[in-house]
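See structure below.
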């Protein structure tokens, strides 16, 4: 499996990524996150704290992670149904932490697979709030993070 940074090719693959989310995201990715992905420019993607990573296995996309402003504005991950429980999400999160130096994520408390992935990558929960859907949501972080970055 290879992890690729998506940047200049974003306009070419954007619709494919959105479709991938609709087919594999189990309706856990918010509309706001998808609108952010649809509106994201290459110039914005090149700014510090923004990254899209794709996991490719045998020439096929098996997962991707998108992060805006180190995860303070947006962060989400989607793994293909047939690639789950194979460490794809963990590899993507670890690579994002490595490339960005720090990573924040908001994960709904009932999203056990995402919480397991984040915790397995050393992310720690530091706050609980309510997400855009009204669910209890954990703020998680890893790397060179600070609590006051998100307040």
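Numbering (this note's numbering), first residue to last: 10 to 160. Cβ coordinates follow ideal geometry from the N, Cα and C atoms, glycine included.
Entirely enclosed alpha helix (DSSP H) segments - the region 66–128, minimum 4 residues
97–109
If you drop the 5 nearest sequence neighbours on each side, which residues of the same chain put their C-beta closer than 7 Å to that of residue 82?
What you label residue 82 is simply residue 73 of the chain shown in a count that begins at 1. Excluding positions up to five away in sequence, the list is empty.
Since residue 112 and residue 75 are thought to touch, with beta carbons under 8 Å apart, how far apart are those beta carbons, to the nearest angstrom?
Counting from one through the chain shown, the residue named residue 112 turns up at place 103. Counting from one through the chain shown, the residue named residue 75 turns up at place 66. Not really, about 12 Å apart at Cβ, beyond 8 Å.
Quick one, which of 14, 12, 53 and 92 has its alpha-carbon nearest residue 34's?
Looking up residue 34 in the chain shown gives position 25. The shortest C-alpha separation from residue 34 is found at 92.
Between the region 135–148 and the region 102–119, do at least 3 Cβ pairs fall closer than 8 Å?
yes
Please report how far the alpha carbon of residue 41 lies from the alpha carbon of residue 73, in whole angstroms.
To locate residue 41, count along the chain shown from 1; it is residue 32. To locate residue 73, count along the chain shown from 1; it is residue 64. Approximately 17 Å, taken between the alpha carbons.
For residue 50, which of helix, strand or coil comes out of DSSP?
Residue mapping note: residue 50 aligns to position 41 of the chain shown, counting from 1. Of the three classes helix, strand and coil, the one that applies to residue 50 here is coil, per DSSP.
Taking the alpha carbon of residue 18 as the reference point, which residue from 30, 62 and 36 has its own alpha carbon closest?
As a working mapping, residue 18 is identified with position 9 in the chain shown. Among 30, 62 and 36, the Cα nearest to that of residue 18 is on 62.
Thinking C-alpha only, which one of 71, 77 and 64 is nearest residue 55?
Working through the chain shown from its first residue, we reach residue 55 at position 46. The residue with the shortest Cα to Cα distance from residue 55 is 77.
Give the DSSP-derived three-state secondary structure of residue 156 in the structure shown.
The residue labelled residue 156 in the question sits at position 147 within the chain shown. Helix, per DSSP.
For residue 39 and residue 141, the rounded distance between their alpha carbons:
The residue you call residue 141 lines up with position 132 of the chain shown. The residue you call residue 39 lines up with position 30 of the chain shown. Distance between the alpha carbons of residue 141 and residue 39: 8 Å.
When we look at the beta-carbon of residue 137 and count the other beta-carbons within 10 Å, is it buried (16 or more) or exposed?
Counted from its first residue, the chain shown places residue 137 at position 128. Per the 10 Å Cβ criterion, exposed.
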